[in-house]
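**Student:** Below is a structure I'd like to ask you about.
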Amino acid sequence: MALDSDARKIFDLILLGEDVCLAVNESNSFKVECGELGKRDIVRNRTHQNLFCRLFTSRIATDFQKLFHVLDASVTDMEWVVSLYEPQNRGRSCCKTDNSVSPTALVWSCIANIEMGSSLDDRIEACDRLASLVRHKDEYKHIIVEGGVDSLMKLLKENCPLVAHIAAANTLCLLANEDNEGTIMKEMVSTFIKSLSKTSPISKQTQAADLVASIAELNPESKQHDLIRENIIWQLVILLSSEQSTLELKISCSKALWKLAQGSVSNCRTLTETKGMLCLATLVAKEQGELRYNCIMIIKEITSIAESDNGFRSSAFTSSSPAAKAVVDELLRVIKELDDTKLRVPAIKSIGSLARSFLARQSRVIGPLVARLGNTDQDVAMEAAIALKKFVSTDNYLCSEHSKSIIEFEGVPLLMKLLNSGDKSTHPHVLALICYLAQHDSNSNVLIKAGALTALQTIDPEVITEYRELETLVPHTISKLQSYLTVEQQQTESSTGIKQFFTKQSKAVVATIGGRLKLLY
1 MALDSDARKI
11 FDLILLGEDV
21 CLAVNESNSF
31 KVECGELGKR
41 DIVRNRTHQN
51 LFCRLFTSRI
61 ATDFQKLFHV
71 LDASVTDMEW
81 VVSLYEPQNR
91 GRSCCKTDNS
101 VSPTALVWSC
111 IANIEMGSSL
121 DDRIEACDRL
131 ASLVRHKDEY
141 KHIIVEGGVD
151 SLMKLLKENC
161 PLVAHIAAAN
171 TLCLLANEDN
181 EGTIMKEMVS
191 TFIKSLSKTS
201 PISKQTQAAD
211 LVASIAELNP
221 ESKQHDLIRE
231 NIIWQLVILL
241 SSEQSTLELK
251 ISCSKALWKL
261 AQGSVSNCRT
271 LTETKGMLCL
281 ATLVAKEQGE
291 LRYNCIMIIK
301 EITSIAESDN
311 GFRSSAFTSS
321 SPAAKAVVDE
331 LLRVIKELDD
341 TKLRVPAIKS
351 IGSLARSFLA
361 RQSRVIGPLV
371 ARLGNTDQDV
381 AMEAAIALKK
391 FVSTDNYLCS
401 EHSKSIIEFE
411 GVPLLMKLLN
421 SGDKSTHPHV
431 LALICYLAQH
441 DSNSNVLIKA
451 GALTALQTID
461 PEVITEYREL
471 ETLVPHTISK
481 LQSYLTVEQQ
491 QTESSTGIKQ
501 FFTKQSKAVV
511 ATIGGRLKLL
521 Y
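Okay, so the sequence shown: first residue is 1 according to full-length UniProt numbering, each after it adds one.
Next up, the structure:
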């Protein structure tokens, strides 16, 4: 145990002090200096016997002054550290110190408070101070690893409030990031697994899930660890899908999975390889409030990774996957039926992220998105425009088919309405969507009639300069629509001329026939 180890070190130091006194008595030179040395308590690692005997007979007097200075500093540090263990000092915030205190004393004062602080607040403050020291200097980090890990682990395993566990875990994670052997993370994960197991009380499971969520949020590097992915995610999914789990526990598990999924391809892949996707779809369908929201946010993180990772997208969201279909169906239901911006926005984002995963024209997907262009909530309308843009952008090989669906669902009038009366923050996305629709000649007539060409020609130049996507799109689209309009006018003029010619010819023929009939009579 940590306390036994500390006691052993102190005992070794006492023995070392006795050896020094013996060496002083045996010295044959520098009697005065050796006498001064003997008065001091030495705070050093034990060295081999007779070191000081050889030192005293081979060093000059000035070296003693240097030695005295180091020893005095060590004595001061040790006296201070020892004072922290005295009952009358245990209530003090001993880890608040000035810059004159050595790193060793500073770290050990915090460790003393973590181990024996009279109040939980003192112990938490000591953990936070250690975390701060770890971030600033490697010198502190090595001392903490040597003497503080056991105390931090002890606090992590104690039956105390979540805030204390978070403080201890945060410091341990910072140390674990530099631990090549992985021993710190192994012990932490072992603690989490034990707390999340089915045999643990629900209250302990809930607190462990909350702790995992906090670690994932505060220490992004730690959540990428193989041990987290291989052990913790599976346990959280089991608890989330269990009918025996309470609502509070499910909320905590869903939040932990959400934070673990954020920006992590490997964690998202693990989630989809378990029964996590079907579980999420079921909970979105059945549950309400925070649990439903957390589940939608997990899906949003998974689909966001799928958008940027072709391999993950092709494996997790295949057309034959029942889990993927169930998730998409629930997302569309949220978009169509739930009048809740907090849920609709991430659901729309998720569908937009999956734009390239649909292998055929999807009217059931495009229709609800087009309808949301007319939503009174500008955030919803903007997200719908962004999502639709991903369906018709040139890097989507079904862009032509999807653009036809948008036209058929009367999307252009809604886009023009957003340009004329919507929030200015939506304009760049609406303009980009119009430009992508105009890339297909079959849509040009509808766009021109709706006033898209005029809108593009009168756009504020600042909008174009702020959004690089529009720098080439807008001029190209204006040119394309103008060319189409010119061709249409030429065709109209040509057809008018032909019509006039045939009209004249018809009149001439009629006149000729009429004249001949008169001659007959």
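We put the beta carbon where it would ideally sit given N, CA and C, even for glycine.
The structure displayed is predicted, hence computed values, not measured ones.
(1) Are three or more beta carbon pairs between the stretch 334-346 and the stretch 304-313 nearer than 8 Å?
(2) Contact between the stretch 274-289 and the stretch 319-333: three or more CB pairs below 8 Å?
(3) Using the rule of at least 16 other Cβ atoms within 10 Å of the residue's Cβ for burial, across every protein chain shown, is Gly148 buried or exposed?
(4) Give the range of the alpha helix (DSSP H) segment to which Arg135 is assigned.
(5) Residue ranges of each alpha helix (DSSP H) run of no fewer than 4 residues wholly in the stretch 279-350, ordered along the chain?
(6) Thinking C-beta only, is His402 closer than 9 Å to Ala438?
(7) Tell me which residue opens and which closes the alpha helix (DSSP H) that Tyr436 is part of.
(8) Buried or exposed: which applies to Glu462, given that a residue is buried once 16 or more other Cβ atoms fall within 10 Å of its Cβ?
(9) Kindly indicate the opening and closing residues of the alpha helix (DSSP H) around Gly367.
(10) Going straight from the alpha carbon of Leu152 to that of Ser353, what length do you get?
(11) Measuring alpha carbon to alpha carbon, tell me which residue in Lys154, Asp138, Val134 is nearest Asn113.
(12) Could you say which of Ile302, Pro322, Ser252 lies nearest to Leu236 if we only look at CA atoms?
(13) Report, in whole angstroms, the separation of the C-beta atoms of Lys389 and Ser350, which I expect to be a contact under 8 Å.
(14) Hey, would you say Val370 sits closer than 9 Å to Ala384, going by beta carbons?
(15) Answer yes or no: do Glu466 and Ala432 have a C-beta to C-beta separation smaller than 9 Å?
(16) Round the Cβ separation of Leu211 and Leu162 to the nearest angstrom and send it over; I've been treating them as touching at under 8 Å.
(17) Can you tell me the Cβ-Cβ gap for Pro368 and Ile335, rounded? I've got them flagged as a contact below 8 Å.
(18) Taking DSSP as the reference, what is the three-state secondary structure of Trp397?
(19) Starting from the C-beta of Val134, find all residues in its chain whose C-beta is less than 8 Å away, skip the five residues before and the five after it, and write them out in chain order.
(20) Output needed for Arg123: all residues of its chain with C-beta closer than 7 Å, excluding positions within five of it in sequence on either side, in chain order.
(21) Look up Gly276 in the DSSP assignment and say whether it is helix, strand or coil.
(22) Between the alpha carbons of Ala169 and Thr191, how many angstroms are there, rounded?
(23) Do Gln457 and Thr426 have their beta-carbon atoms positioned less than 9 Å apart in this structure?
(24) Is Tyr467 helix, strand or coil by DSSP?
(25) Can you tell me the Cα-Cα spacing of Asp128 and Ala167, whole angstroms?
(26) Following the continuous alpha helix (DSSP H) through Gly411, name the residue where it begins and the one where it ends.
(27) For Cys110, name the three-state secondary structure that DSSP assigns.
(28) Among residues of its own chain, excluding the 5 on either side of Ala261, which ones have a beta-carbon nearer than 7 Å to its beta-carbon?
(29) In whole angstroms, give me the CA-to-CA distance for Lys259 and Ala209.
(30) So, with DSSP's three-state summary, where would you put Gln482?
(31) Since I believe Ala256 is in contact with Ala316 (beta carbons under 8 Å), could you give me their beta-carbon distance rounded to a whole number of angstroms?
(32) Could you check the C-alpha separation between Ile233 and Asn294 for me, to the nearest Å?
(33) For chain B, find out if any of its Cβ atoms is closer than 9 Å to the Cβ of Gln244; answer yes or no.
**Tutor:** Walking through what the data contain:
(1) no
(2) Short answer: they touch.
(3) Here residue 148 corresponds to residue number 148 of the sequence shown, with the count starting at 1. By the neighbour-count rule (16 or more Cβ atoms within 10 Å), Gly148 is buried.
(4) Translated into the one-based positions of the sequence shown, residue 135 becomes position 135. That run of the alpha helix (DSSP H) goes 120-136.
(5) Secondary structure in the stretch 279-350: the alpha helix (DSSP H) runs of 4 residues or longer, each lying completely within the stretch, are 289-308, 310-316, 322-337 in chain order.
(6) What you label residue 438 is simply residue 438 of the sequence shown in a count that begins at 1. What you label residue 402 is simply residue 402 of the sequence shown in a count that begins at 1. No, Cβ-Cβ distance for Ala438 and His402 is not below 9 Å.
(7) Within the sequence shown, residue 436 is the residue found at index 436, counting from 1. Residues 427-438.
(8) Position 462 of the sequence shown holds residue 462. When all chains shown are included, Glu462 counts as exposed.
(9) Your numbering for residue 367 matches position 367 in the sequence shown. 363-372 is the span of the alpha helix (DSSP H), which, as asked, contains Gly367.
(10) Within the sequence shown, the letter at position 152 stands for residue 152. Within the sequence shown, the letter at position 353 stands for residue 353. Their Cα atoms are separated by approximately 42 Å.
(11) Position 113 of the sequence shown, counting from 1, holds the residue named residue 113. Asn113 has its Cα closest to that of Lys154, out of Lys154, Asp138, Val134.
(12) Counted from its first residue, the sequence shown places residue 236 at position 236. Comparing Cα-Cα distances from Leu236 to each of Ile302, Pro322, Ser252, the minimum goes to Ser252.
(13) Walking along the sequence shown from the start, residue 389 turns up at place 389. Walking along the sequence shown from the start, residue 350 turns up at place 350. Actually they do not touch by this definition, with Cβ atoms about 15 Å apart.
(14) By 1-based counting over the sequence shown, the position of residue 370 is 370. By 1-based counting over the sequence shown, the position of residue 384 is 384. In contact: Val370 and Ala384 (Cβ atoms closer than 9 Å).
(15) Along the sequence shown, read from residue 1 onward, the residue named residue 466 stands at position 466. Along the sequence shown, read from residue 1 onward, the residue named residue 432 stands at position 432. Result no, Cβ atoms of Glu466 and Ala432 do not sit closer than 9 Å.
(16) Here residue 211 is taken as the residue at index 211 of the sequence shown, counted from 1. Here residue 162 is taken as the residue at index 162 of the sequence shown, counted from 1. 7 Å between Cβ atoms; contact.
(17) In the sequence shown, counting from the first residue as 1, residue 368 sits at position 368. In the sequence shown, counting from the first residue as 1, residue 335 sits at position 335. Right, the Cβ-Cβ distance comes to about 5 Å (below 8 Å), so this counts as a contact.
(18) Start at 1 with the first residue of the sequence shown, and residue 397 comes out as number 397. Note on residue identity: the sequence assigns Tyr, not Trp, to residue 397. Of the three classes helix, strand and coil, the one that applies to Tyr397 here is coil, per DSSP.
(19) As a first step, residue 134 must be located in the sequence shown, where it is residue number 134. Answer for Val134: Tyr140, Lys141, Ile144, Thr171, Leu174, Leu175, listed in chain order.
(20) Position 123 of the sequence shown, counting from 1, holds the residue named residue 123. If we look at Arg123 and ignore the five residues flanking it on each side, its Cβ neighbours are Asn113, Ile114, Gly117, Leu155, Ala164.
(21) In the sequence shown, the residue the question calls residue 276 occupies position 276. If DSSP states are grouped into helix, strand and coil, Gly276 belongs with the helices.
(22) Stepping through the sequence shown from its first residue, residue 169 is reached at position 169. Stepping through the sequence shown from its first residue, residue 191 is reached at position 191. Looking at the two C-alpha atoms, the distance is approximately 11 Å.
(23) Here residue 426 is taken as the residue at index 426 of the sequence shown, counted from 1. Here residue 457 is taken as the residue at index 457 of the sequence shown, counted from 1. Their beta carbons are not under 9 Å apart, which means Thr426 does not touch Gln457 by this criterion.
(24) As a working mapping, residue 467 is identified with position 467 in the sequence shown. Looking at Tyr467 - three-state DSSP - the assignment turns out to be coil, as it is neither helix nor strand.
(25) Position 128 of the sequence shown, counted from the start, is the residue given in the question as residue 128. Position 167 of the sequence shown, counted from the start, is the residue given in the question as residue 167. Taking C-alpha positions only, Asp128 is separated from Ala167 by approximately 6 Å.
(26) Looking up residue 411 in the sequence shown gives position 411. Here the alpha helix (DSSP H) through Gly411 covers 411-421.
(27) Translated into positions along the sequence shown, residue 110 becomes position 110. Correct three-state label for Cys110: helix.
(28) Taking the sequence shown and counting its residues from 1, the one referred to as residue 261 is at position 261. Contacts found: Asn267, Cys268, Leu271, Ile298, Glu301, Ile302.
(29) Counting from 1 along the sequence shown, the entry for residue 259 is found at position 259. Counting from 1 along the sequence shown, the entry for residue 209 is found at position 209. Answer to the nearest angstrom: the Cα atoms are 11 Å apart.
(30) Numbered from 1 along the sequence shown, position 482 holds the residue referred to as residue 482. Of the three classes helix, strand and coil, the one that applies to Gln482 here is helix, per DSSP.
(31) Taking the first residue of the sequence shown as 1, we reach residue 316 at position 316. Taking the first residue of the sequence shown as 1, we reach residue 256 at position 256. About 20 Å separates the two Cβ atoms, so there is no contact after all.
(32) As a working mapping, residue 233 is identified with position 233 in the sequence shown. As a working mapping, residue 294 is identified with position 294 in the sequence shown. Approximately 15 Å between the Cα atoms of the pair.
(33) Although the question refers to chain B, the structure presented lacks it and comprises just one protein chain.
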